[in-house]
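One structure is given here, and the rest of the page talks about it.
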Amino acid sequence: MKINKKSISYKIFPRFLGSIDKHNKNIIFQEIIIKKSKKAKVFSKGQRLEYFNFIFKDVIGDQPIDYLEFGVFKGESIKYWSKLNKSPKSRFYGFDTFTGLPEDWKRHPRGTFDTEGNIPKIDDTRVHFIKGLFQETLYDFLRTFSPQSRLVIHLDADLYSSTLFCLAQLDRIFNPGSLILFDEFYDLQNEFSAFYDYIRSHNSKFKIIARIGWSQVAIELQ
Ligand SMILES: C[S@@+](CC[C@H](N)C(=O)[O-])C[C@H]1O[C@@H](n2cnc3c(N)ncnc32)[C@H](O)[C@@H]1O
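Pasting the structure below:
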């Protein structure tokens, strides 16, 4: 009689084993990511602004940018970047539901980071907000948007699904030199997994240029 290995395995382990998943991802993290970060500038916890300043001044060289942020919440980061970069040629776009996370994320239930639909008030005509799920707004945005300056993509959506969707869609506008900033890269099952699945499926080359521990990680595409 033919033994159905898959159904036997499912009978023994009927539940998803997150710890095994994390362990496997950690092997990938150690083998791939650590090697790519040998020359990265390392900042310590609490140095978020110094990290942004380094990317802007030393990496971008105070040039105009096209800054796209996915996961805006109250707009702290996009506000800081728009103040940092004063070039009239720079453009800043912030994407968010403004009703919070569309799925549970770790201990945070769906709806966390809800601003009750309110978009941040930033007195700068270069800053634009696009309200709605990325999965419902990004296609249309990319239909008319073409980069005019170096791309800075800030991915702060926490979730695997949201992050992977953005990376796969943005691939068509990425260039060597495009920068991708992650906010929770240490999260092996979410932002890290999304990044790994993206580079593997799109055969993308990259290096890590700066990081704060392993939470905020700045990547330059090659
Ligand atoms: C950690 S918060 C962003 C914090 C912000 N970048 C800052 O520096 O203050 C994560 C945000 O991602 C948004 N988000 C996650 N997945 C999304 C999706 N698929 N579409 C739209 N917004 C999403 C949530 O609504 C939430 O506001």
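As numbered in our numbering, residues 21 to 242 make up the sequence shown, in order.
C-beta: ideal position from N, C-alpha, C; glycine also.
Item to check | Cβ-based burial, Q236 [other Cβ within 10 Å; buried from 16] | outcome: The residue you call residue 236 lines up with position 216 of the sequence shown. When all chains shown are included, Q236 counts as buried.
Next on the checklist: Assuming the contact rule is C-beta atoms closer than 8 angstroms, I219 and F226 should be a hit. Round their C-beta distance to whole Å, please.
Outcome noted: Residue mapping note: residue 219 aligns to position 199 of the sequence shown, counting from 1. Residue mapping note: residue 226 aligns to position 206 of the sequence shown, counting from 1. Right, their Cβ atoms sit about 6 angstroms apart.
Checklist entry - Which residues mark the beginning and the end of the beta strand (DSSP E) in which D191 is found? => result Translated into the one-based positions of the sequence shown, residue 191 becomes position 171. Counting along the chain, D191 falls outside any beta strand (DSSP E), and DSSP gives it neither H nor E.
Checklist entry - If you measure from the CB of D207, is any heavy atom of ligand 1 nearer than 7 angstroms? => result The count along the sequence shown starts at 1 and reaches residue 207 at position 187. No, Cβ of D207 sits at least 7 angstroms from all heavy atoms of ligand 1.
Checklist entry - Roughly how many angstroms lie between the CA atoms of E16 and K45, to the nearest whole one? => result The requested residue 16 does not occur in the structure, where the chain is confined to residues 21 to 242.
Checklist entry - So D78 packs on S169, CB below 8 angstroms; how close in whole Å? => result By 1-based counting over the sequence shown, the position of residue 78 is 58. By 1-based counting over the sequence shown, the position of residue 169 is 149. Not really, about 17 angstroms apart at Cβ, beyond 8 angstroms.
Next on the checklist: Tell me whether D176, by its Cβ, gets closer than 7 angstroms to a heavy atom of ligand 1.
Outcome noted: Residue 176 sits at position 156 when you count from the first residue of the sequence shown. Yes, Cβ of D176 sits closer than 7 angstroms to a heavy atom of ligand 1.
Item to check | Rounded distance between the beta-carbons of V172 and L199, thought under 8 angstroms | outcome: If you number the sequence shown from 1, residue 199 lands on position 179. If you number the sequence shown from 1, residue 172 lands on position 152. 5 angstroms between Cβ atoms; contact.
Next on the checklist: At the level of alpha carbons, what is the spacing between I139 and F112?
Outcome noted: As a position in the sequence shown, residue 139 is number 119, starting the count at 1. As a position in the sequence shown, residue 112 is number 92, starting the count at 1. C-alpha separation (whole angstroms): 14 angstroms.
Item to check | Presumed contact (8 angstroms Cβ cut-off) between S57 and D176, rounded CB distance | outcome: On the sequence shown, residue 57 is found 37 positions in, with the first residue counted as 1. On the sequence shown, residue 176 is found 156 positions in, with the first residue counted as 1. With 8 angstroms as the limit, S57 and D176 do not qualify as a contact, their Cβ atoms being about 20 angstroms apart.
Checklist entry - Anyone know if the C-beta pair for F115 and T157 falls short of 8 angstroms? => result Stepping through the sequence shown from its first residue, residue 115 is reached at position 95. Stepping through the sequence shown from its first residue, residue 157 is reached at position 137. Cβ distance < 8 angstroms, so F115 and T157 count as in contact.
Item to check | Whole-number beta carbon distance between P84 and K103, since they are thought to touch under 8 angstroms | outcome: Taking the sequence shown and counting its residues from 1, one reaches residue 103 at position 83. Taking the sequence shown and counting its residues from 1, one reaches residue 84 at position 64. The Cβ separation is near 15 angstroms, so there is no contact.
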